[in-house]
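For what it's worth, my numbering labels the leading residue of the sequence shown as 618, then goes sequentially.
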Amino acid sequence: MAIRGWRPVAAAAVAAARPGGGGPGRGPGAGPAWGAAPEPVPEPAAPATAALYVHWPYCRKRCSYCNFNKYVVPAVDESAVGACLVQEARTLLRLSQVQSITSVFFGGGTPSLASPRTIAAVLEAVAGAAHLPASAEVTLEANPSSASPARLAGFRAAGINRLSIGVQSLDDAELRLLGREHTAAEARGAVEAARRLFPGRTSIDLLFGLPGQSQDAWAQGLAAALGLCDDHISLYQLTLERGTALAAQVWGGTLPAPPQDLLADMYQTACAMLVAAGFRHYEVSNFARKGALSTHNLSYWRAEQYIGVGPGAHGRFVPWGEGGRSREARVQTLEPDAWMQEVQSRGHGTRRRVVLSPLEQLEELLALGLRTDEGVTHERWGQFSPQLSLEAVFGEPGEAQDLQQQGWLLLDGGGLRCSVRGLALLDSLLPDLLCQLQRRWAPPAAPGWGAGAARRSPTGDRAGGEAAGVVSGGCGE
Ligand code: SF4
């Protein structure tokens, strides 16, 4: 499982690798190029709220396509891991000085392998260190093989109020190909049990674009899922990741690679079927009806603050408690044993801190916000760029106007957003928009300002080839 619409994995890496990108201790504007920004940008006020992500890094079995930060070990010292999660949550909440947590998401790995007692302890620590409203969305990712009705009831008693179930497919042959631990019948049972316990708040993940999968097979699988699901579905195109068993089989010629045209058709078919079934296509990979949008993931796409707890977790917040005044990208130590030692010795396992420049923050806001149907609102843009408006950047003749004329993009009173057609092509649109932003932000002839700064977008989507991801090519300067 652990497939998500967006993982903040690539963002920090891009920021760190970017020419002039900040390293630990670098302040905004310290880079050689965007130091020449046309107007000074005041430090944003520290929001008193944040979302919180908690990473449970263990799985029982390695799926054939997965390169997430997960570990299959003979035995997990759950009390030690749980104590470290509690300790790190307390530390990072203190460093952020966040007063209220808007949502909590337990991801992995397979967090449904953790005991409800551990989940409850983390939530109690969060509620003890910051306000955690009773209405806050608290999601747990669950694998169907560790989602019995009794376990799910235990998670509900622990404080979980939303489940995200890694169904992936309702076809046993496809599940075997994916190396999943569960059968289609187990997935059905888990979703039915979850819907009884979490009515209206059960999401399912599905994968498409499997080697050898036909358009008809995908449409039939999705129709079956529509007969089973609740009010939220996440769809991900399978991507072949280096080092995985599935990629080796496809690249070695044992399995066929799905043609790009077929993948695009599968995505369009799915969008049409889900919209016809009453779902709102509110993000590139996510669909909801009856208002069941994931508020936690929305906080990523709206570039709000979030705190990442656990091995390899990422965060974005201002560390006021450490004297910081600027938003940082933070990455926790990947490997669980090393992470635990760090948490035990200094209270947290933060491995890397990167102060994000104002331009980098705007790039993230753009790349993430455009994934949603609401896009980047004027208000949100103004929070990050009070002096250079959306119109000032994208309302002038240039790439954005060209994209508007072609029907891919909209800039109006609501802000900047993709059209329905444009959402599917975000990958292709984003490089041009980032170039336009960079040009407006810094004079074209600024020394050190080169195409390299636009080579990669600050988003990472491990599972959606249709989604914003690696942006190739420069700004043509
Ligand atoms: S359950 Fe499978 S896909 Fe999910 S993190 Fe574990 S190995 Fe990866």
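Quick reminder that beta carbons are idealized off the backbone N, C-alpha and C, glycines included. Quick caveat, the model's predicted, so the values are computed rather than measured.
DSSP three-state call for residue 729: helix, strand or coil? helix
State yes or no: is the C-beta of residue 825 nearer than 7 Å to some heavy atom of ligand 1? no
Taking the continuous beta strand (DSSP E) assigned at residue 900, which residues delimit it? 897-900
Drop a sphere of 10 angstroms on the beta-carbon of residue 734, count the other beta-carbons inside from all chains shown, and report buried for 16 or more, exposed for fewer. exposed
Is any non-hydrogen atom of ligand 1 found closer than 7 Å to the C-beta of residue 572, if you look at the structure I gave you? Any answer about residue 572 is impossible in this case: the structure gives the chain only from 618 up to 1094.
From which residue to which residue does the beta strand (DSSP E) around residue 685 run? Where residue 685 is concerned, there is no enclosing beta strand (DSSP E), given that its DSSP letter is neither H nor E.
Residue 1043 and residue 970: beta carbons closer than 8 Å? no
Between residue 920 and residue 997, what straight-line distance do the alpha-carbon atoms span, to the nearest angstrom? 9 Å
Identify whether residue 788 lies in helix, strand or coil by the three-state DSSP scheme. coil
Count Cβ pairs between the segment 870-890 and the segment 831-847 that sit closer than 8 Å; are there 3 or more? yes
Quick test of your reading: residue 715 and residue 747, contact by CB under 8 Å. State the CB separation rounded to the nearest angstrom. 6 Å
Taking residue 1020 as part of the alpha helix (DSSP H), name the residues at either end of that continuous run. 1016-1022
Give, in chain order, every unbroken run of the beta strand (DSSP E) that is at least 3 residues long and sits entirely within the segment 785-840. 819-825
At a cut-off of 7 Å, is residue 687 close to ligand 1 when judged by its beta-carbon and the heavy atoms of the ligand? yes
Buried or exposed by the 16-neighbour rule on C-beta atoms within 10 Å, applied to residue 873: exposed
Among 710, 785, 728, which has the Cα closest to the Cα of residue 749? 710
First and last residue of the alpha helix (DSSP H) that includes residue 978? 975-986
Have a look at residue 689 and residue 1006 and give me their C-alpha separation to the nearest angstrom. 48 Å
Neighbour-count burial assignment, residue 981, 16 or more Cβ in a 10 Å radius: buried
Where do the ends of the alpha helix (DSSP H) carrying residue 888 lie? 877-893
Local conformation of residue 751 per DSSP, three classes: coil
Coil, strand or helix - residue 708 by DSSP: helix
Anticipated Cβ contact below 8 Å, residue 945 with residue 936, distance rounded: 6 Å
Within this structure, are the beta carbons of residue 926 and residue 706 separated by less than 8 Å? yes
Within this structure, are the beta carbons of residue 718 and residue 669 separated by less than 8 Å? yes
Which of the three DSSP states is assigned to residue 594 in this structure? Outside the shown range of the chain (618 to 1094) lies residue 594, about which nothing can therefore be said.
Same chain, Cβ closer than 6 Å to residue 742, five either side skipped, listed in chain order: 703, 706, 707
Opposite residue 929 in the DSSP bridges: which residues? Per DSSP, none; premise fails for residue 929.
Which first and last residues belong to the beta strand (DSSP E) in which residue 965 is found? Taken as a continuous stretch (DSSP letters only), residue 965 belongs to no beta strand (DSSP E), as it is neither H nor E.
Starting from the C-beta of residue 1012, find all residues in its chain whose C-beta is less than 7 Å away, skip the five residues before and the five after it, and write them out in chain order. 1028
Candidates 923, 875, 948: closest to residue 914 by CA position: 923
Measure from the alpha carbon of residue 840 to the alpha carbon of each residue in 892, 858, 736, then state which is nearest. 892
Out of curiosity, what's the CA-to-CA distance linking residue 721 and residue 1038? 32 Å
DSSP three-state label for residue 943, please. coil
So does residue 725 have its beta carbon nearer than 7 Å to some heavy atom of ligand 3? This structure does not include ligand 3; its bound ligands are ligand 1.
Let's test the definition: count the other Cβ atoms within 10 Å of the Cβ of residue 999 and tell me whether it reaches 16, buried, or not, exposed. exposed
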